[in-house]
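The next block holds one structure in the form of structure tokens; read it before the comments.
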Amino acid sequence: MRKLLPLLSTNPHGGGRSALTCRYRCGDACFHEVPNTSDNEYVGDVIAGALSRRSALRAAAVVTVASAAGGALALGNAPEAVALPQRPGTGHGHGHGHGSGKADGARGLRFTPVAPNTADKVTVPAGYSQNVVIRWGEPILRGAPAFDSEKQTAKAQAGQFGYNNDFLSLLPLRGEQGRQVLVANHEYTDEVLMFRGYDAANPTREQVEIAWAAHGLSVVVVQEEHRTGRLAPVSRHHLNRRLHTTSEFRVTGPAAGSALLRTSVDPTGRKVLGTLNNCAGGTTPWGTTLHGEENFNQYFANGSSATDKRYGVGTGATERKWERFDKRFDLKQEPNEVHRFGWVVELDPYDPDSTPRKRTALGRFKHEAAQPRLTADGRPVVYMGDDERFDYFYKFVSSKRMKKGNSRAAREHNLTLLDEGTLYVAKLTGDSPAAEIDGTGKHPADGEFDGSGVWIPLATGDVSHVPGMTAEEVYVFTRLAGDKVGATKMDRPEDVEPSPRTGRVYVALTNNTDRGKPGKAGADEANPRNLNKHGQILELAENWDDPSSDGFAWRLFLVAGDPNDPATYFAGYPKEKVSPISCPDNVAFDPHGNLWISTDGAQLGSHDGLFGVATQGERRGELKQFLTVPKGAETCGPIIQDRRVLVAVQHPGEIDGASVEKPASVWPDGPGKIVRPSVVAVWRTDGRDIGV
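Heads up, the sequence shown is in my numbering, so the first residue is 2 and it goes up one at a time.
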């Protein structure tokens with residue numbers, strides 16, 4: 002849900018992303034020079050060092066990964082890294098075919114796959130129904146008026162559901178039967194699709210303040226219909242909440258109060274107004290939600306420092322011109338304001354009076370998401386990706402244990418878990434000779450892209466592990482810390498999710514068309530294709546299945562693209578039996594342990610969609626498309642429950658040349674109505690569980 006490939010021409014009927022997407026989502030990041038110009042080692046430069054470890058990895062292949070419930074492996078002599086599961090043979094499985102009508106597949110994936118298409122609607126499998134749960138602008142707070150696209154006001158928007166819904170979390174609500182708490186991120190605004198007659202060169206104050214109110218987070222209670230999977234918002238519920246660009250947030254953790262975070266308005270460096278460009282996120286075991294601030298750089302004008310450049314901040318005016326209406330967006334006047342964004346935000350959706358917290362211990366970069374798991378002794382570990390070409394992925398290991406229960410003391414303690422611990426960055430090493438990684442995606446002689454890796458510590462509390470940087474500098478300028486320690490440059494690491502069943506971690510690497518260009522890093526074993534436009538998913542197993550380990554094994558689980566392309570790979574599953582997929586973005590797990598993948602910027606001529614893939618058993622790698630989204634839209638925030646799938650349909654109609662006057666999509670309400678980002682629920686019409 003971010004910077005996708007800018008197109009030279011618009012394709013309103015196929016995949017890819019328009020220049021309109023690049024303007025509003027990430028400030029034309031794809032047109033700018035890659036911020037990472039460091040000369041730290043690439044995987045290809047350290048391949049030779051991997052060969053001596055190859056025998057150890059092969060020995061590890063006889064060890065299976067312990068399940069999350071089983072805890073760490075109890076072996077006397079640990080291999081260098083826990084082995085990943087073996088590839089299935091090509092003779093396994095029966096497939097599902099396209100158009101056969103046979104709902105075969107792994108448990109949880111027994112549906113007839115949706116064919117790639119360009120329909121201006123949400124297309125779901127036969128036997129499934131859907132409803133729009135909530136649209137941009139629907140009132141959720143007391144006193145908020147009904148949505149009127151021709152009479153928008155900032156005051157109204159502050160009480161209404163925000164724009165461009167992205168990450169979704171659905172939490173239980175005790176004591177209210179049939180109700181749950183829906184939390185949504187609102188990543189950015191498409192002003193040209195929101196305001197009739199919008200003049201990008203001269204936005205009005207009212208338009209800017211509406212956009213401020215349309216960013217941020219929404220909390221809204223939803224009611225389920227007993228006989229179906231339909232959900233509907235409960236307006237004016239006491240838990241409903243809107244947080245936006247002028248809401249108050251607390252800065253916590255080791256960098257709180259740093260001189261790098263102080264401004265003329267906040268000399269304490271501990272109070273920030275607003276959260277921006279909230280992309281994906283996570284749900285914690287203690288009942289809070291995490292929200293990643295991603296392309297925050299685009300909101301700030303007149304960047305001048307080297308650190309501004311490393312974070313992609315431009316030197317001139319911004320697209321939205323917010324700096325005209327609030328000096329904090331002008332870095333000439335407030336050079337530290339930009340340092341107060343790019344964090345993971347933690348929200349307690351059960352306490353409508355609480356102040357959300359920006360967790361500095363988790364580092365500052367373009368956070369795509371943040372999903373925790375627990376160590377055997379109850380300490381949270383959070384995995385995170387930095388969504389930029391040639392940037393890194395990270396983890397944070399807390400030094401404190403979670404307390405169980407819902408007592409006030411337990412909740413207060415658990416709200417401190419993400420303030421103390423160690424921040425790490427990943428370095429990967431392939432186990433094949435460099436000559437076998439030729440940039441085409443051709444497999445090396447051992448049949449797969451795989452290797453080992455280490456977690457390099459960056460900082461623990463107020464102690465820096467990076468020479469030449471203080472701990473505060475590590476947290477505020479985390480990208481530079483990764484540069485200094487030689488972290489592995491990846492193909493846009495977006496969502497990073499651990500499997501609740503196996504503990505294996507899956508990293509969505511969306512694409513990188515700069516890979517292999519002159520002066521840029523070439524292909525390596527973890528990023529094996531030059532000019533990579535389809536992306537891949539990496540599977541990682543921590544040593545001993547211990548999330549706090551400092552080492553891991555990895556392999557590419559999926560190499561996306563047209564299955565007819567010899568460079569694609571689906572965990573060894575027969576490619577004639579899978580759906581085509583391009584640009585994996587968000588990932589989530591269903592109750593059966595299948596990985597579900599939403600796409601952003603698909604480059605195969607079809608609209609973006611949601612896919613399910615088996616990660617275990619003889620059908621491992623069997624991938625099936627569950628739905629597609631309307632014209633110009635992106636699939637976000639997937640939630641897969643037993644009887645319901647939720648997706649956030651973000652930026653429908655976001656196609657070059659589109660406007661309120663000339664819409665490119667008529668979803669969700671049909672011709673004559675303004676296009677509106679919305680949340681959609683999907684369920685089986687027979688009332689049974691999804692995909693069984």
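We put the beta carbon where it would ideally sit given N, CA and C, even for glycine. Because the structure is a prediction, the values reported are computed rather than measured.
Excluding the 5 residues flanking residue i on each side, which residues of the same chain have their C-beta closer than 6 Å to its C-beta?
| i | result |
| --- | --- |
| Leu-76 | At Leu-76 the pLDDT is 22, less than 50, meaning the model places this residue with poor confidence; the figure from the coordinates comes in the next sentence. Excluding sequence neighbours, Leu-76 sits near nothing in its chain. |
| Gly-100 | Any reading at Gly-100 must be qualified, since the residue scores a pLDDT of 36, below 50, and its modelled position is unreliable; the value itself is stated next. Counting only Cβ-Cβ distances below 6 Å, and skipping sequence neighbours, we find nothing. |
| Val-184 | Ser-170, Val-220, Thr-290 and Pro-350 |
| Val-683 | Val-125, Tyr-129, Gln-131 and Val-646 |
| Gly-692 | Gly-109, Leu-110, Arg-111 and Phe-112 |
| His-93 | Low confidence applies to His-93: its pLDDT is 31, below 50, so where it sits in the model is not reliable, and the reading given next is rough at best. Cβ within range, chain order: Glu-619. |
If you measure between the beta carbons of residue i and residue j, is that distance less than 8 Å?
| i | j | result |
| --- | --- | --- |
| Asp-657 | Glu-635 | no |
| Phe-162 | Val-221 | yes |
| Pro-564 | Pro-585 | no |
| Leu-624 | Val-579 | yes |
| Asp-484 | Arg-516 | no |
| Pro-286 | Met-403 | yes |
| Gly-440 | Asn-513 | no |
| Gly-28 | Gly-315 | yes |
| Glu-459 | Val-508 | According to the sequence provided, residue 459 is Leu. The question's Glu does not apply to it. For Leu-459 and Val-508, no; Cβs fall outside 8 Å. |
| His-652 | Thr-22 | yes |
| Ala-568 | Ile-438 | no |
| Asn-166 | Ala-649 | yes |
| Pro-353 | His-239 | yes |
| Thr-471 | Phe-366 | no |
| Tyr-25 | Asp-191 | yes |
| Trp-137 | Arg-505 | no |
Would you kindly report the start and end of the unbroken beta strand (DSSP E) that includes residue i?
| i | result |
| --- | --- |
| Thr-600 | 596-600 |
| Leu-481 | Segment 479-486 is the alpha helix (DSSP H) holding Leu-481; no beta strand (DSSP E) there. |
| Met-385 | 381-386 |
| Asp-451 | 451-461 |
| Ala-509 | 506-510 |
| Thr-284 | 279-284 |
| Lys-625 | 624-629 |
| Thr-430 | 422-431 |
| Glu-188 | No beta strand (DSSP E) holds Glu-188; DSSP gives it neither H nor E. |
| Thr-395 | Reading off the sequence, residue 395 comes out as Tyr, not Thr. Residues 394-399. |
Could you say which of the options lies nearest to residue i if we only look at CA atoms?
| i | options | result |
| --- | --- | --- |
| Pro-357 | Arg-242, Tyr-351, Lys-367 and Val-346 | Val-346 |
| Asp-496 | Glu-295, Arg-175 and His-245 | Glu-295 |
| Ala-615 | Thr-38, Glu-34 and Ala-107 | Ala-107 |
| Tyr-164 | Ala-157, Gly-144, Asp-149 and Glu-188 | Glu-188 |
| Thr-247 | Val-209, Thr-361, Asp-591 and Lys-490 | Val-209 |
| Phe-590 | Leu-194, Pro-575 and Leu-611 | Leu-611 |
| Phe-558 | Asn-533, Asn-587 and Leu-596 | Leu-596 |
| Val-398 | Leu-605, Arg-380 and Arg-412 | Arg-380 |
| Gly-160 | Ile-211, Asp-670, Asp-121 and Asp-447 | Ile-211 |
| Asp-149 | Lys-443, Arg-685, Lys-674 and Leu-332 | Lys-674 |
| Arg-360 | Ala-482, Gly-606, Val-273 and Gln-178 | Val-273 |
Throw me the rounded Cβ distance for the residue i and residue j pair, which I believe falls under 8 Å.
| i | j | result |
| --- | --- | --- |
| Glu-526 | Gly-431 | 3 Å |
| Ala-281 | Phe-394 | The Cβ separation is near 13 Å, so there is no contact. |
| Ala-214 | Ala-155 | 5 Å |
| Asn-37 | Phe-391 | 4 Å |
| Gly-288 | Leu-244 | In fact, because the Cβ distance is near 17 Å, the residues do not count as touching under 8 Å. |
| Gly-313 | Asn-298 | 4 Å |
| Leu-261 | Glu-473 | 6 Å |
| Val-680 | Val-182 | With 8 Å as the limit, Val-680 and Val-182 do not qualify as a contact, their Cβ atoms being about 13 Å apart. |
Any heavy atom of the ligand SAH closer than 7 Å to the beta-carbon of residue i?
| i | result |
| --- | --- |
| Arg-108 | Summarising the ligand content, the structure contains no ligands, and the ligand SAH is consequently not present. |
Counting along the chain, where does the alpha helix (DSSP H) carrying residue i start and finish?
| i | result |
| --- | --- |
| Ala-157 | 155-158 |
| Asp-409 | Checking the sequence shown, residue 409 turns out to be Arg, not Asp. It spans 409-415 - the alpha helix (DSSP H) in which Arg-409 sits, taken as one unbroken run. |
| Ala-649 | Unbroken run through Ala-649 is the beta strand (DSSP E), 646-651; no alpha helix (DSSP H). |
| Ala-307 | 307-311 |
| Gln-642 | Note, Gln-642: premise wrong, no alpha helix (DSSP H); not H, not E. |
| Ile-211 | 206-215 |
By Cβ distance, which residues of its chain are closer than 8 Å to residue i, with the 5 residues on each side in sequence left out?
| i | result |
| --- | --- |
| Ser-306 | Pro-336 |
| Asp-609 | Gly-16, Cys-584, Ser-599, Thr-600, Asp-601, Gly-602, Ala-603, Thr-629, Val-630, Ala-634, Glu-635 and Thr-636 |
| Glu-662 | Arg-197 and Gly-198 |
| Arg-644 | Gly-230, Trp-684, Arg-685, Gly-688, Arg-689, Asp-690 and Ile-691 |
| Ala-561 | His-535, Gly-536, Gln-537, Ile-538, Thr-569, Ile-582, Ser-583, Cys-584 and Pro-585 |
Quick check on residue i - is its C-beta less than 8 Å from some C-beta in chain B?
| i | result |
| --- | --- |
| Lys-534 | Any reference to chain B falls outside this structure, which holds one protein chain only. |
Can you name, in chain order, every residue of its own chain whose Cβ lies under 7 Å from the Cβ of residue i, other than the five neighbours on each side?
| i | result |
| --- | --- |
| Arg-689 | none |
| Lys-322 | Pro-204 |
| Pro-173 | Gln-181 |
| Leu-429 | Val-44, Gly-452, Gly-454, Thr-489, Ala-527 and Trp-555 |
| Ala-49 | Note that Ala-49 has pLDDT 32, beneath the 50 cutoff, so the model's placement of it is unreliable and no number is given. |
| Asp-463 | Pro-255 and Ala-472 |
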